[in-house]
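In this note's numbering, the protein residues as written are 576 to 896.
What follows is the structure, encoded as structure tokens:
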């Protein structure tokens with residue numbers, strides 16, 4: 576098979592999963608033999624982008640205006656991009672070529688939502704994009720890559736060249752182990768993250784404690800933390816309340832909807848927002864187990880002059896008229 580035939584074959588079959596290991600092996604050969612040009616694979620890198628408008632702001636609020644971002648890759652090119660990233664990991668030359676190509680594409684949002692990414696895929700993605708400095712946003716939600724995948728993503732957050740400020744990791748089964756990895760990452764002085772979505776990740780009070788300790792650190796630049804639809808109870812709420820009560824904490828928005836927080840947790844939150852150290856502006860506690868007692872604690876807190884809260888959501892709790 577000559578070069579033209581090989582190029583055509585790769586182009587026609589690169590998206591076919593059964594050939595993936597073969598092409599990764601081929602990429603390794605390209606690293607060793609000059610007569611197999613790496614462009615056979617790197618030329619297939621998708622360059623199409625798409626504009627999106629949504630709640631991609633670095634600081635969240637209920638009345639914020641949609642923000643436009645430029646996404647790469649497009650929905651129908653996501654699996655191709657992941658396959659190419661795996662191939663480039665077999666060759667340092669190919670990796671450099673792909674990174675240069677990515678720098679030339681005008682985008683700021685990496686979108687691999689719902690791509691069935693594995694931990695190995697996560698490692699490949701991070702290896703390639705970690706030096707692409709224009710990336711400020713990344714949506715990796717709904718992949719179920721678990722704590723091992725999260726461990727790989729955290730390497731991106733710790734990278735000195737990373738400018739990532741907005742990250743969606745919802746619905747990935749990260750568990751408390753993944754929360755621990757993320758807590759360590761957002762404590763790193765290289766981490767630029769402002770918004771982190773960890774909804775639907777089976778995070779319990781243990782994971783909430785890890786994250787609370789992280790946002791309590793003056794290295795952490797996080798402004799918005801989304802922990803909705805997890806397994807956080809009053810104990811986890813207490814850890815988070817103690818954290819936002821600390822003058823090191825820069826958090827402005829905390830979303831804890833659809834957890835297991837009762838009046839006790841609401842009281843802890845009330846005590847926190849009542850403190851002049853607390854910089855929280857938005858607190859979402861919708862769909863928990865809060866009754867009139869918890870609502871009263873919060874109502875008394877927001878009357879205090881120290882409280883900086885502007886938005887409080889207690890909808891769909893057990894609060895009477």
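We put the CB at the ideal spot given by N, CA and C, even for glycine.
Span of the beta strand (DSSP E), counted from its first residue to its last, around residue i
i	result
residue 695	From DSSP, residue 695 is part of no beta strand (DSSP E) but of the alpha helix (DSSP H) over 694-704.
residue 857	857-859
residue 838	Where residue 838 is concerned, there is no enclosing beta strand (DSSP E), although the alpha helix (DSSP H) it sits in stretches over 838-848.
residue 713	712-714
residue 799	799-801
residue 827	Here residue 827 belongs to no beta strand (DSSP E), and DSSP marks it neither H nor E.
residue 907	Limits of the chain in this structure are 576 at one end and 896 at the other, which puts residue 907 out of reach.
residue 687	Here residue 687 belongs to no beta strand (DSSP E), and DSSP marks it neither H nor E.
residue 645	642-647
Outcome for residue i when other beta-carbon atoms lying within 10 angstroms are tallied against a minimum of 16
i	result
residue 769	buried
residue 755	buried
residue 737	buried
residue 650	exposed
residue 623	exposed
residue 870	buried
residue 809	buried
residue 874	exposed
residue 827	buried
residue 849	buried
residue 891	exposed
residue 666	buried
residue 837	buried
Own chain residues within Cβ distance below 6 Å of residue i, not counting five before or after
i	result
residue 716	688, 743, 745, 746
residue 775	745, 746, 804
residue 625	646, 649
residue 764	794
residue 698	727
residue 811	780, 783
residue 835	808
residue 674	706
residue 682	624, 645, 647
residue 652	621
residue 893	866
Range of the contiguous alpha helix (DSSP H) that encloses residue i
i	result
residue 726	721-732
residue 627	Taken as a continuous stretch (DSSP letters only), residue 627 belongs to no alpha helix (DSSP H), being part of the beta strand (DSSP E) at 625-629.
residue 661	653-663
residue 873	867-878
residue 673	667-679
residue 562	It is not possible to answer for residue 562, since the shown part of the chain is limited to 576 through 896.
residue 817	809-819
Beta-carbon contacts of residue i that lie in its chain and below 8 Å, excluding the five residues immediately before and after
i	result
residue 695	661
residue 877	848, 884, 887
Chain-order list of residues whose beta-carbon lies under 7 Å from that of residue i (same chain, five-residue window excluded)
i	result
residue 815	783, 787, 829
residue 547	Since the first and last residues shown for the chain are 576 and 896, residue 547 lies out of range.
residue 762	789, 792, 794, 795
residue 739	710, 711, 713, 731, 732, 767, 768
(Q) With three or more beta-carbon pairs closer than 8 Å as the criterion, would you say the segment 735-743 touches the segment 707-722? (A) yes
Q.
Could you tell me which whole alpha helix (DSSP H) segments of length 4 or greater appear in the segment 730-784?
A. 750-761
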